[in-house]
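Each residue of the sequence shown is one higher than the one before, starting from 0 at the first, in numbering that gives the first Met the number 0.
Backbone N, C-alpha and C define an ideal beta-carbon position, used for all residues, glycine too.
Just so you know, these numbers come straight off a predicted model, no measurement behind them.
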Amino acid sequence: MFYYYAHTSHKANLDRLRRGVACINAFASQGIECKLLVNDFRAALVAKEQLGLRDALNIETIHDLDLVLKLNDSVIIDSNEELPLGFERFCKDYKVFIIAPDCDTKPLYNEVVINPWSQNGLFVDSAYGTKTPKIDRVLFFGGDSDPQKEISKYLEPLQKIGAQLLLGHYFFIDYEQELKKSFEYVYESEEYQDIIPSSSHVVTTSLQCALEAKTTGAIVGYAPKAPLQKCILTMLKKFEIDLINLSDINSMDNLISKTIKFDNQVTNSISCDIFSLFQEQIL
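Right, here's the structure in full:
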């Protein structure tokens with residue numbers, strides 16, 4: 000049995016969850032069942048109610064994985080938590096895949112390290128590879144969580160480019176109401192899968208969202224919240240995802256001035272063949 004463990008929190012985002020669902024769907028297309036494990040009940044609800052999974056199982060932390068796994072099961076771990084005690088034994092009892100948190104992550108024992116920033120098959124659901132009619136719209140997605148109210152710092156430049164806001168899943172209700180006063184158009188978090196593919200331009204602080212939007216053929220600007228590692232910078236350059244500064248109106252203007260190109264080269268520039276990253280180790 001295969002499991003995908005995605006660690007999330009209300010102070011972070013759902014990028015790992017979206018990667019996990021994409022992976023599970025890729026496995027299903029090959030006739031392989033893979034179940035989702037999460038540590039947050041809200042993430043489980045999003046997976047089932049919005050991302051189309053039939054089931055998701057909650058556990059407390061990464062240390063509870065062996066309460067679910069049976070001998071010789073396979074588990075894909077996508078988490079920044081400390082690895083379980085006795086991880087060497089853990090890797091002997093189960094087939095373990097680690098989604099690399101860093102460009103230079105190396106295996107400690109006999110686990111298999113999978114780089115999610117590979118240029119051969121990114122963790123993007125194949126549904127985003129379907130061409131969708133675009134609406135001339137600049138969509139801003141500031142991630143699933145914004146406890147420090149970072150978006151409010153960039154209201155002026157976002158308003159100047161006419162950005163429309165997509166809310167995050169973990170936004171507090173009072174913060175949502177506050178933001179709705181500053182944007183002419185605001186979309187609920189439940190509209191994510193519809194509004195991303197239909198937008199001509201997407202500005203986001205979520206790397207996963209940037210990859211998904213680019214896969215649909217959109218013009219994408221990514222505003223990282225922290226310095227980026229070399230492998231991610233290389234990937235962004237390859238897929239023509241612009242790095243932008245939300246406080247720099249010039250970089251924002253340059254982005255929205257770009258014209259979308261509806262051709263196979265752009266739309267298919269990101270591979271959704273996730274299964275190829277695991278195939279050699281599975282078959």
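Reference residue i; option with closest CA among the options
i: R136; options: E59, I195, F26 and P106; result: I195
i: D252; options: L227, Y191, I218 and K133; result: I218
i: F40; options: G220, A209 and T7; result: T7
i: K236; options: L16, F274, A46 and A209; result: A209
i: A43; options: G220, Q29, V20 and N24; result: V20
Status (buried if at least 16 other CB within 10 Å, exposed otherwise) for residue i
i: M0; result: exposed
i: Y169; result: buried
i: D262; result: Its pLDDT being 47, under 50, D262 is placed unreliably by the model, and nothing is read from it.
i: H62; result: exposed
i: N12; result: buried
i: E48; result: exposed
i: N38; result: buried
i: I134; result: exposed
i: E155; result: exposed
i: T266; result: Since pLDDT at T266 reaches only 42, below the 50 mark, its modelled position is unreliable, and the value read off the structure follows with that caveat. The residue in question, T266, is buried, as its Cβ has 16 or more Cβ neighbours within 10 Å.
i: S256; result: exposed
i: P132; result: exposed
i: H108; result: Position check: residue 108 holds Tyr in this sequence, whereas His was assumed. Under this definition Y108 is an exposed residue.
Residue span of the beta strand (DSSP E) that contains residue i, given as start and end
i: P33; result: A quick correction: the sequence has Cys, not Pro, at residue 33. From DSSP, the beta strand (DSSP E) with C33 extends over C33 to V37.
i: I300; result: Examination of residue 300 is not possible in this model, given that the chain is present from 0 through 282 alone.
i: A5; result: F1 to A5
i: K94; result: K94 to I98
i: V202; result: S198 to T203
i: L165; result: Q163 to L165
i: G85; result: From DSSP, G85 is part of no beta strand (DSSP E); its letter is neither H nor E.
i: S73; result: S73 to D77
i: A55; result: A55 to N57
Run of the alpha helix (DSSP H) containing residue i, from where it starts to where it stops
i: Q176; result: I172 to K179
i: F26; result: D14 to A27
Inter-residue CB distance, residue i and residue j (contact presumed, cutoff 8 angstroms)
i: C33; j: Y3; result: 6 angstroms
Residue i Cβ short of 7 angstroms to the ligand MG heavy atom set
i: K133; result: By its list of ligands, the structure shown contains no ligand whatsoever, and the ligand MG lies outside what it can speak to.
Okay, do the segment 205-218 and the segment 172-187 touch, 3+ Cβ pairs below 8 angstroms being the bar?
no
Given 8 angstroms as the limit, is there contact between the segment 100-115 and the segment 72-89, that is, 3 or more CB pairs closer than that?
yes
Inter-stretch contact at 8 angstroms, needing at least 3 Cβ pairs: the segment 218-227 / the segment 80-93
no
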